[in-house]
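Novice: In this text, residue positions in the sequence shown follow my numbering: the first is 251, and each later residue adds one.
The structure that follows is given in the form of C-alpha cells.
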Amino acid sequence: NNYMMLKIESGGGKDFFLGFNRDVGANSDVVAGRDRVTIHRSESGDGKSYSHSFLKGTLGQGGQSTISSWRGTGVDLKIRVVKVRTNVSPGYADIEVTFGQALTPKPTPR
Numbered sequence: 251n252n253y254m255m256l257k258i259e260s261g262g263g264k265d266f267f268l269g270f271n272r273d274v275g276a277n278s279d280v281v282a283g284r285d286r287v288t289i290h291r292s293e294s295g296d297g298k299s300y301s302h303s304f305l306k307g308t309l310g311q312g313g314q315s316t317i318s319s320w321r322g323t324g325v326d327l328k329i330r331v332v333k334v335r336t337n338v339s340p341g342y343a344d345i346e347v348t349f350g351q352a353l354t355p356k357p358t359p360r
C-alpha cells in the first residue's frame with residue numbers, strides 16, 4: 251500500500267491535512283468520502299503530536315475548495331482534485347494546491 255498525506259501549515263498550529271480515502275482494505279467499510287480526497291483540520295499540536303481533527307470536506311475529481319485569505323494574507327489558497335484513478339493499483343488522486351493565481355500552462359504547438 252502507498253499512503254500519502256499532505257500537511258498544509260497554517261502558521262498557527264491548526265493545520266490542514268489532505269489525503270485520499272481509497273475504498274480498499276481498512277477503508278472499505280467507510281461510508282463517507284469513499285474514493286475522495288479528504289480535507290481535515292487539526293485543533294492544535296502543529297501536526298507533531300496527538301490532536302483532535304475534524305473533517306472539513308471531501309472532494310471528487312474536478313472538485314475544488316478555497317480557503318479565503320490564507321494566513322491573513324488576503325490571498326486565497328485553492329485545493330483542486332485534478333484526477334482520481336481507481337482502476338489502477340494502487341488507486342490515486344492528483345491534487346493541485348495553489349496560492350494566489352494558478353499558473354496557466356503554455357499552449358502545445360500543433
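All C-beta atoms in this analysis are idealised placements derived from N, C-alpha and C, irrespective of residue type, glycine included.
Just so it is clear, the structure is predicted and the values come from calculations on it, not from any experiment.
Under DSSP, the beta strand (DSSP E) around ASN361 begins and ends at which residues?
Specialist: Nothing about residue 361 can be read from this structure; the chain reaches only from 251 to 360.
Novice: Are VAL280 and LEU268 close, meaning C-beta to C-beta below 9 Å?
Specialist: No. Outside cutoff.
Novice: By how many angstroms is the C-alpha of PHE349 removed from the C-alpha of THR323?
Specialist: Their Cα atoms are separated by approximately 10 Å.
Novice: Considering only DSSP beta bridges, list what ARG286 is partnered with.
Specialist: Paired residue(s): ASN271.
Novice: Which term fits ASP344, buried or exposed, when burial requires 16 or more other beta carbons within 10 angstroms of its beta carbon?
Specialist: Exposed.
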